[in-house]
Structure formats: structure tokens, C-alpha cells
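Going letter by letter, the sequence shown gives residues 70 to 332 in our numbering.
Taking it in order: structure first as C-alpha cells, then the write-up.
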Amino acid sequence: MIDLYVHKIGFKIIGHDSYTIKLSVAETHSPQIILTELPEAKIKPANTIGLYHTAIRLPDRSSLAQLLKRLIALGQRFYGFADHGVSEAIYLADPEGNGVELYTDRPKTEWPYSNGQLVMLTDPLDVNELLTNANVESWSGLPQGTDIGHIHLHVSDLGKARLFYHELLGMDITQSSYPGALFMSAGGYHHHIGTNIWAGRNQPPDQAAGLREFGIAIPDTDYFLSLKNKFEMEKRLTEIVSANEFVASDFDNIRVKIIQSKN
């Protein structure tokens with residue numbers, strides 16, 4: 070796992086203990102990915118709910134092209150490339166089968182719409198053209214501005230996903246017409262959370278590796294507190310971590326850490 074996320078993709082290790090490694094673009098940042106080793110863990114079957122992919126967003130096309138060029142040179146296997154209209158994306162998997170998307174956004178003025186609704190496509194990506202944008206300089210790790218742009222989940226029921234992420238959490242629905250999927254965001258983005266029912270309805274076995282939880286930062290104190298109260302009333306509040314963090318579980322028991330951020 071370290072080989073892919075650190076040596077190949079370029080995250081920096083900003084903290085660790087015997088079983089946990091914290092990764093980020095820079096040592097001054099909060100953790101963006103946390104890897105936890107569980108010796109008794111089993112590989113998660115593909116046809117179960119949970120993580121579909123974690124999407125690492127690079128700040129520009131040249132950075133994405135440079136990373137792609139590096140991964141090709143290192144012999145990394147890919148399982149897809151796509152032009153989504155709103156973004157250009159590269160897909161791979163980590164050694165335990167967790168999906169990883171590497172992408173960069175197109176300018177918002179170029180995002181496609183139809184009848185007033187955002188349209189996210191899955192068209193072929195011109196990989197050769199993208200590679201012409203690679204910087205000639207050697208790779209020195211992920212550039213500043215790289216973040217986790219969105220997370221995409223396998224869920225058992227889109228209606229329940231809509232209830233949790235849209236009606237309770239407050240995300241806006243950005244696309245509901247893609248077969249078997251629902252996309253949601255805040256602030257006019259194309260999606261911060263994607264959900265789909267493509268893997269069926271089965272829960273992974275006990276002790277399966279995969280997503281433990283993901284976090285969402287809420288800058289508004291009043292909204293943070295209102296969410297806490299709402300999830301408690303709806304009996305979705307799982308854990309109070311601190312005064313500034315709590316965990317709510319969706320209807321597939323996927324843990325979502327809500328963090329009151331300062332920016």
C-alpha cells in the first residue's frame with residue numbers, strides 16, 4: 070500500500086504508529102488518507118457494498134499528465150480512462166482492491182448541461198493527447214492543491230442514500246439520470262459524493278479490508294451543530310469523537326466523520 074500511495078502516487082507520510090500511516094500532500098496539511106493495518110483483515114469481495122473509489126483531484130492537466138507518465142514508467146496497471154465532461158480521469162486499484170481515481174477538473178464554464186441538469190459522461194479519454202501536457206521536469210511528488218475531490222460508494226439502495234446524504238446531510242443532487250447511480254455535492258461542484266448500486270446489496274464479511282470511514286469538513290459552526298442534532302434525532306449518530314467531530318452512519322453502516330473546520 071505504501072508503494073502505491075507514497076512511492077508511486079507521491080503522498081508524503083506525515084505521521085505513523087505501529088499500525089497506522091497518515092498521508093498528505095505536505096507535512097503542514099491534515100491527513101488526507103489514513104491507512105490502518107489490521108492483521109486479521111480479509112480482502113473485501115468485489116460484489117459487496119462499501120468503497121467504489123477514492124478520487125484524488127490534481128490541480129491541473131499538466132500535473133495529471135505528469136503523474137500518468139510516471140505511473141506508466143513504473144509499470145502500474147490501470148483499469149480505465151474516462152472523459153466525464155466535467156473532468157478527465159484515470160482509474161486504478163490499490164493492492165487490496167480499493168478503487169483509486171486520479172483526475173483533474175475541466176473549467177466550470179465547460180461543464181455540460183442538458184435541460185438545466187449537469188451531465189456527467191463516460192466517454193473515452195484521449196490518453197496520448199493528455200500525455201503531451203506532461204511537464205518535462207522530474208516528478209517530485211503530488212503538487213500543492215491536490216486534495217480528495219470526491220468519494221464514490223457502493224450502496225444497497227439509492228433511495229436510502231438520497232435520504233442520508235441529501236435530506237439529512239444536506240448535499241444537493243447534481244445528477245440522478247445516470248443508470249444505477251446518484252451524485253451529490255455542496256457549493257455547486259459536480260459531485261463530492263457518488264453512490265451506485267452496481268455491486269448488489271450484500272454487506273462485506275466481518276473483518277473485511279476497505280473503507281473504515283471518510284470525513285467531511287463543515288466550516289459553519291451553526292450548520293455543524295444542526296447536523297449533530299439532526300443525526301441524533303434520526304438515530305444515525307454513531308460516535309461523538311470530540312466537541313468538533315462526530316460520526317454518523319449511513320443506512321449501509323458506512324461511517325461518515327463530520328468535522329467542524331476553521332476554513
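Heads up, the beta-carbon is just placed ideally off N, CA and C, and yes, glycines get one too.
Cα-Cα separation, residue i to residue j
i	j	result
Ile328	Gln101	13 Å
Gly149	His76	21 Å
Ile309	Asn204	45 Å
Leu104	Ser93	11 Å
Gln213	Gly79	11 Å
Asn298	Leu140	45 Å
Ser330	Ala162	30 Å
Ile71	Phe283	19 Å
Glu157	Asp195	9 Å
Leu73	Leu143	10 Å
Tyr292	Ser225	28 Å
Val169	Leu120	10 Å
Thr178	Leu107	45 Å
Val155	Asp86	39 Å
Trp180	Tyr258	10 Å
Arg175	Ile217	16 Å
Trp267	His223	7 Å
C-beta contact flag for residue i and residue j at 8 Å
i	j	result
Asn184	Thr123	no
Arg130	Asn202	yes
Leu211	Phe300	no
Arg270	Ile118	yes
Leu187	Thr243	yes
Phe252	Met302	no
Classification of residue i by the beta-carbon crowding that lies within 10 angstroms, buried from 16 upward
i	result
Tyr88	exposed
Ser254	buried
Asp289	exposed
Thr173	buried
Pro273	buried
Lys91	buried
Tyr182	exposed
Ala250	buried
Thr97	exposed
Asn197	exposed
Asn265	buried
Leu294	exposed
Thr215	buried
Same chain, Cβ closer than 7 Å to residue i, neighbours up to 5 away in sequence not counted
i	result
Lys229	Phe320
Leu200	Ala134, Leu137 and Lys138
His219	Ala124, His260, His261, Ile262 and Gly263
Gln145	Lys77 and Leu161
Residue i: first and last residue of the uninterrupted alpha helix (DSSP H) it sits in
i	result
Gly228	Leu227 to Ala230
Ala333	The structure shown does not extend to residue 333, since the chain spans only 70 to 332, so no value can be given for it.
Val196	Val196 to Leu200
Residue range of the unbroken beta strand (DSSP E) whose run includes residue i
i	result
Asn265	Ile262 to Asn265
Ala250	Ala250 to Ser254
Ser295	Ser295 -> not in any beta strand (DSSP E); alpha helix (DSSP H) instead, spanning Thr290 to Met302.
Lys91	Thr89 to Ser93
Thr310	Contrary to the premise, residue 310 reads as Val rather than Thr in this sequence. Looking at the DSSP string, the run of the beta strand (DSSP E) that includes Val310 is Leu306 to Ser311.
Leu222	Asp216 to His223
Glu157	Ser156 to Ala162
His122	Gly119 to Arg126
Ile285	Glu282 to Ile287
Gly149	Gly149 to Asp152
Glu314	Glu314 to Ser318
Own chain residues within Cβ distance below 6 Å of residue i, not counting five before or after
i	result
Val325	Ala317
Ser132	Pro212
His221	Tyr121, His122 and Gly263
Close-in-space but distant-in-sequence residues of the same chain around residue i (CB under 8 Å, 5 per side omitted)
i	result
Ile112	Glu165, Gly166, Ala277 and Ala278
Glu109	Gln276
Met240	Tyr234, Met253, Ser254, Ala255, His261 and Ile262
Asn116	Ala268, Gly269 and Asn271
Minimum Cβ-Cβ distance from residue i to chain B less than 8 Å
i	result
Val196	Of the protein chains in the structure, only one exists, and it is not chain B.
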